[in-house]
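Novice: Sequence positions in the sequence shown follow the working numbering and run 2 to 448.
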Amino acid sequence: MHAAPYRDEHLPRYTSYPTAPHFNAGIDAGTYAGWLKQLKAGTTTSLYLHVPFCRSMCWYCGCHTTVALRDGPIVDYLAALRGEIALVAGALSAPLDVRHIHFGGGTPTIIEPADFVALVALLRQHFPIHPNAEIAVEIDPRRLAPAMTAALAAAGVNRASLGVQSFDPVVQKAINRIQSVEQTAAVTTGLREAGIAAVSFDLIYGLPKQTLQSCRDTVEQCLTMQPDRFSIFGYAHVPQFKKHQRRIAEADLPDGEARHEQAELMARLLTEAGYVRVGLDHFALPEDPMARALAQGRLHRNFQGYTTDPCEALIGLGASAIGKLPQGYIQNEVVIGRYAERIADGALPIGKGYRLTPEDRLRAELIERVMCDLTVDIDAICAQHPIDARVLAPSLRKLDQLAQDGLISFDGSRVLLPENARLFVRKVASVFDAHLDQPPRQYSRAV
Ligand code: SF4
Numbered sequence: 002m003h004a005a006p007y008r009d010e011h012l013p014r015y016t017s018y019p020t021a022p023h024f025n026a027g028i029d030a031g032t033y034a035g036w037l038k039q040l041k042a043g044t045t046t047s048l049y050l051h052v053p054f055c056r057s058m059c060w061y062c063g064c065h066t067t068v069a070l071r072d073g074p075i076v077d078y079l080a081a082l083r084g085e086i087a088l089v090a091g092a093l094s095a096p097l098d099v100r101h102i103h104f105g106g107g108t109p110t111i112i113e114p115a116d117f118v119a120l121v122a123l124l125r126q127h128f129p130i131h132p133n134a135e136i137a138v139e140i141d142p143r144r145l146a147p148a149m150t151a152a153l154a155a156a157g158v159n160r161a162s163l164g165v166q167s168f169d170p171v172v173q174k175a176i177n178r179i180q181s182v183e184q185t186a187a188v189t190t191g192l193r194e195a196g197i198a199a200v201s202f203d204l205i206y207g208l209p210k211q212t213l214q215s216c217r218d219t220v221e222q223c224l225t226m227q228p229d230r231f232s233i234f235g236y237a238h239v240p241q242f243k244k245h246q247r248r249i250a251e252a253d254l255p256d257g258e259a260r261h262e263q264a265e266l267m268a269r270l271l272t273e274a275g276y277v278r279v280g281l282d283h284f285a286l287p288e289d290p291m292a293r294a295l296a297q298g299r300l301h302r303n304f305q306g307y308t309t310d311p312c313e314a315l316i317g318l319g320a321s322a323i324g325k326l327p328q329g330y331i332q333n334e335v336v337i338g339r340y341a342e343r344i345a346d347g348a349l350p351i352g353k354g355y356r357l358t359p360e361d362r363l364r365a366e367l368i369e370r371v372m373c374d375l376t377v378d379i380d381a382i383c384a385q386h387p388i389d390a391r392v393l394a395p396s397l398r399k400l401d402q403l404a405q406d407g408l409i410s411f412d413g414s415r416v417l418l419p420e421n422a423r424l425f426v427r428k429v430a431s432v433f434d435a436h437l438d439q440p441p442r443q444y445s446r447a448v
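(1) Along the chain, where does the beta strand (DSSP E) that runs through TYR307 open and close?
(2) Consult DSSP for VAL432 and reduce its assignment to one of helix, strand or coil.
(3) Note down, one range per segment and in chain order, each beta strand (DSSP E) of at least 3 residues found wholly within the stretch 354-425.
(4) If you compare alpha carbons, which of GLU288, LEU266, GLY298 and LEU270 is closest to GLY280?
(5) Could you round the C-beta distance between PRO16 and PHE304 to whole angstroms and report it? I think they count as a contact, below 8 Å.
(6) If I follow the unbroken beta strand (DSSP E) through PRO132, where does it start and stop?
(7) Closer than 6 Å from C-beta to any heavy atom of the ligand SF4: which residues, in chain order?
(8) Using a Cβ-Cβ cutoff of less than 6 Å, which residues in the same chain neighbour TYR33 once the five nearest sequence positions on both sides are dropped?
(9) Which residues bound the beta strand (DSSP E) around PHE202?
(10) Less than 7 Å between C-beta atoms, sequence neighbours within five positions excluded: which residues of the same chain meet that for GLY196?
(11) For the beta strand (DSSP E) containing LYS174, list its first residue and its last residue.
(12) Kindly identify the DSSP beta-bridge partner or partners of SER232.
(13) Based on the DSSP secondary-structure assignment, which residues constitute the bridge partners of LEU50?
(14) Considering only their Cβ atoms, is the gap separating HIS261 from LEU424 smaller than 8 Å?
(15) As a quick exercise: from CYS55, CYS64, TYR61 and GLU85, pick the residue whose alpha carbon is nearest that of ARG71.
(16) Measuring only the C-alpha atoms, how far is PRO96 from ALA320?
(17) Suppose you measure from the CA of ASP98 to the CA of CYS64; what does that come to, to the nearest Å?
(18) Within 10 angstroms of its Cβ, does SER215 collect 16 or more other Cβ (buried), or is it exposed?
(19) Below 8 Å between beta carbons: does that hold for HIS101 and SER47?
(20) Could you tell me which residues DSSP pairs with SER162 in its beta bridges?
(21) Can you give the beta carbon distance from VAL429 to VAL371, rounded, assuming they're within the 8 Å contact cut?
(22) With a 10 Å radius around its C-beta and 16 neighbouring C-beta atoms as the bar for buried, classify SER94 as buried or exposed.
(23) Would PHE284 and LEU295 be called neighbours here (beta carbons separated by less than 8 Å)?
(24) Helix or strand or just coil, what does DSSP make of CYS62?
(25) Determine the direct distance from the alpha carbon of PHE433 to that of ARG193, and round the result to whole angstroms.
Dropping the structure here:
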């Protein structure tokens, strides 16, 4: 395989297509209200709630979040969030079927326990929540009090995603995130004892001062806690967009080859421990729903990464939250003050969005299948879309080049990635991206 030219390329993560930098201000509150009104009764729906506050800043962070040392801003934000929930529910013309709720951030568990329980109760009041709905929460193990664990369980949370990143004290100092193995183990045990059985760990490679040995140690320490899933992301160093990343010395960052070795080592350790490798960066125990979805061709990709969630509508709530309705994407105002002001004015707090065209839908499905399955039958997908397949001629030429470099092979109209090209799946997906040649901003490294 001749992959070296692609290792240092910067590409989208393809958690959507088109990707968020291509959203535009032409989609406004009126457009969104119209889209919500058109949702039919029983539309399978997911809710994403964004909590953009943390008690301290990790230098590697790429999320929309801000440091809140006091509770006042969080309390004010919750009032705005409750207002948005009422506005969205009021714009609907039919009851939906909510199957998934995801609290992300930031640190969602920064909310007071009683306020979290009340927030979920408010969601249940405004939306029909399926009795078997998955309710997932992102957790910072450094700051989860037992009272909050109890509140999560009382609210019906049944999946927890724990930020771990690296247990190496040298790396932790370089990223301003000190978190012990014991702390993480205690939180994991506490969640399970409270009945929140499904636990995922997030790890990162490519962090400052990270080595192969520290990656190995971290994975082995995590394995003693047996999470159901792992996500292993490459650190995206974009200090031009995330100013706190300037606290990370570039000289301390592993180069492209070292990042590749770290990613492959962690993947090998997890697969040897019995985890199924899922797509680009997820790992799941064989009996986990994600591993089963992969085996059955039912894996999907959304803004949280890989998911088993096949929802027809995703409603984003909170500052910067992104939603996807059958008609297109919607992103809320990113700046918290502006978000809250819009809601106080009685308006849906939309900042920008994107109306999908038939060609976008074809390209989105090709990209999603490549990202999820590492293979796609181009003719079979084209047959399901009312689009002249000749629009894909430039993509097919790029695929020919990738085949010459050994990143893919063809079986008729089917494209296949060999196992050793898995980390280059974003490169293969990118051949179907019609927006890539004029990127409005820089993306993260492909590996
Ligand atoms: S806890 Fe998570 S969201 Fe908050 S600063 Fe750290 S990485 Fe970012």
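A virtual CB, placed ideally from N, CA and C, is assigned to each residue, including glycine. Since this is a predicted model, take the numbers as computed values, not measurements.
Specialist: Answer, in terms of the structure:
(1) Translated into the one-based positions of the sequence shown, residue 307 becomes position 306. First-last of the beta strand (DSSP E) with TYR307: 306-308.
(2) Taking the sequence shown and counting its residues from 1, one reaches residue 432 at position 431. DSSP places VAL432 in coil when its eight states are reduced to three.
(3) 376-378, 410-412 and 415-417
(4) Walking along the sequence shown from the start, residue 280 turns up at place 279. For the residues GLU288, LEU266, GLY298 and LEU270, the minimum Cα distance to GLY280 belongs to GLY298.
(5) Along the sequence shown, read from residue 1 onward, the residue named residue 16 stands at position 15. Along the sequence shown, read from residue 1 onward, the residue named residue 304 stands at position 303. Sequence inspection shows Thr at residue 16; the Pro mentioned does not correspond to that position. That pair is a contact at about 5 Å.
(6) Numbered from its first residue, the sequence shown carries residue 132 at position 131. Element bounds for PRO132: 130-140.
(7) CYS55, MET58, CYS59, CYS62, CYS64, THR66, GLY106, GLY107, THR108, ASP141 and GLY164
(8) Taking the sequence shown and counting its residues from 1, one reaches residue 33 at position 32. If we look at TYR33 and ignore the five residues flanking it on each side, its Cβ neighbours are ILE331, LEU349 and ILE351.
(9) Indexing the sequence shown from 1 puts residue 202 at position 201. From DSSP, the beta strand (DSSP E) with PHE202 extends over 199-206.
(10) Within the sequence shown, the letter at position 195 stands for residue 196. The answer, listed in chain order, is ALA154.
(11) Within the sequence shown, numbered from 1, the residue matching residue 174 stands at position 173. Counting along the chain, LYS174 falls outside any beta strand (DSSP E), though it belongs to the alpha helix (DSSP H) covering 170-176.
(12) What you label residue 232 is simply residue 231 of the sequence shown in a count that begins at 1. Per DSSP, ASP203 and HIS283.
(13) Your numbering for residue 50 matches position 49 in the sequence shown. Beta-bridge pairing links LEU50 to PHE104 and LEU318.
(14) Your numbering for residue 424 matches position 423 in the sequence shown. Your numbering for residue 261 matches position 260 in the sequence shown. Result yes, Cβ atoms of LEU424 and HIS261 sit closer than 8 Å.
(15) Translated into positions along the sequence shown, residue 71 becomes position 70. The candidate whose alpha carbon is nearest that of ARG71 is CYS55.
(16) Mapped onto the sequence shown, residue 96 falls at position 95. Mapped onto the sequence shown, residue 320 falls at position 319. Near 24 Å, if we compare the C-alpha coordinates of ALA320 and PRO96.
(17) Numbered from its first residue, the sequence shown carries residue 98 at position 97. Numbered from its first residue, the sequence shown carries residue 64 at position 63. Those two C-alpha atoms are separated by around 29 Å.
(18) The count along the sequence shown starts at 1 and reaches residue 215 at position 214. With 16 or more Cβ atoms within 10 Å of its Cβ, SER215 is classed as buried.
(19) For the purposes of this step, residue 101 is taken as residue 100 along the sequence shown, with counting starting at 1. For the purposes of this step, residue 47 is taken as residue 46 along the sequence shown, with counting starting at 1. Going by C-beta atoms, HIS101 is nearer than 8 Å to SER47.
(20) Your numbering for residue 162 matches position 161 in the sequence shown. Note: SER162 sits in a beta bridge opposite GLU139 and SER201.
(21) Walking along the sequence shown from the start, residue 429 turns up at place 428. Walking along the sequence shown from the start, residue 371 turns up at place 370. About 6 Å separates the two Cβ atoms, so the contact holds.
(22) In the sequence shown, counting from the first residue as 1, residue 94 sits at position 93. When all chains shown are included, SER94 counts as exposed.
(23) Numbered from 1 along the sequence shown, position 283 holds the residue referred to as residue 284. Numbered from 1 along the sequence shown, position 294 holds the residue referred to as residue 295. Contact flag unset, no.
(24) Taking the sequence shown and counting its residues from 1, the one referred to as residue 62 is at position 61. Here CYS62 sits in coil by DSSP.
(25) Within the sequence shown, numbered from 1, the residue matching residue 193 stands at position 192. Within the sequence shown, numbered from 1, the residue matching residue 433 stands at position 432. Distance between the alpha carbons of ARG193 and PHE433 is about 42 Å.
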